[in-house]
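J.:
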Amino acid sequence: MTTTGSPKSAPASEGLGFDGGLTLSCQCTDRKKSIAWYERVLGFKLLYDVAEIGWCELATAVSKVNIGLSEVEKPRVGSGPVPTFGVTNIEAARGKMEKQGVRFDGATREIPGMVKLATFFDPDGNALMLYQDLQKS
């Protein structure tokens with residue numbers, strides 16, 4: 107999504123050496139089932155799976171942005187940030203996902219001239235979102 111204005115430098119972060127990578131961590135009850143869901147529904151690619159610690163990471167379509175899955179008995183969902191992925195056609199993406207049984211939270215919302223948003227859930231109830239930027243020309 108685009109915004110107006112110019113980005114401002116964040117002086118505190120300049121010396122931290124961020125490399126552009128980002129891993130979003132989610133909890134799940136069945137890592138193998140969740141891996142299959144993220145691969146089938148979102149097209150993510152498994153990078154590695156470490157059974158001994160119940161952790162794996164999958165690459166998203168966004169360079170250096172991964173989803174990490176932590177296997178736990180009782181996932182705590184709904185208490186953290188919601189990964190939001192940009193798509194070029196939200197209706198088409200949502201339609202494909204709904205055909206695969208993905209549960210969405212209500213209708214796609216639109217802020218005219220700005221963005222369309224759709225919230226959906228993985229098998230453990232972790233919220234994720236799709237957005238379509240309406241500001242692009």
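If you're matching positions, the sequence shown starts at 107 in the numbering used here and goes up one per residue.
Quick reminder that beta carbons are idealized off the backbone N, C-alpha and C, glycines included.
It should be emphasised that the depicted structure is a prediction, and the values quoted were computed from it without experimental measurement.
1) Using the DSSP secondary-structure output, state which residues sit across from residue 235 in a beta bridge.
2) Can the beta-carbon of residue 192 be found closer than 8 Å to that of residue 176?
3) At the level of alpha carbons, what is the spacing between residue 174 and residue 214?
4) Quick one, are the C-beta atoms of residue 211 and residue 133 less than 8 Å apart?
5) Could you tell me if residue 238 is buried or exposed, where buried requires 16 or more neighbouring beta carbons within 10 angstroms of its beta carbon?
6) Take residue 220 and list the residues in its own chain whose beta-carbon comes closer than 7 Å to its own, dropping the five residues that flank it on each side.
7) Check residue 179 in the structure and name its three-state DSSP category.
8) Cα-Cα, which of 168, 135, 204 and 145 is closest to residue 182?
9) Are the region 151–169 and the region 197–210 touching by the rule of at least three beta carbon pairs closer than 8 Å?
10) Would residue 128 and residue 171 qualify as a contact pair, given that the criterion is a beta-carbon distance under 8 Å?
11) Roughly how many angstroms separate the alpha carbons of residue 157 and residue 218, rounded to a whole number?
12) The alpha helix (DSSP H) spanning residue 140 covers which residue range?
13) Could you name the residues that DSSP lists as bridge partners for residue 210?
14) Here's a check: name, in chain order, each residue in its chain whose Cβ is nearer than 6 Å to the Cβ of residue 216, leaving out the five neighbours to either side.
T.: On the basis of the supplied data:
1) Paired residue(s): 190 and 225.
2) Not a contact, by the Cβ cut-off of 8 Å.
3) Spanning the two alpha carbons is a distance of roughly 26 Å.
4) Their beta carbons are not under 8 Å apart, which means residue 211 does not touch residue 133 by this criterion.
5) Flag for residue 238 reads buried.
6) Answer for residue 220: 240 and 241, listed in chain order.
7) Three-state DSSP puts residue 179 in coil, outside helix and strand.
8) Considering only alpha carbons, the answer is 135.
9) With a cut-off of 8 Å, the region 197–210 and the region 151–169 do not count as touching, because too few Cβ pairs lie within range.
10) Judged by beta-carbon spacing, residue 171 lies within the 8 Å limit of residue 128, meaning their Cβ atoms are closer than that value.
11) Going by the C-alpha atoms only, they are around 46 Å apart.
12) Looking at the DSSP string, the run of the alpha helix (DSSP H) that includes residue 140 is 137–148.
13) Beta-bridge partners assigned by DSSP to residue 210: 226.
14) For residue 216, where only same-chain residues beyond five positions count, the Cβ hits under 6 Å are 222.
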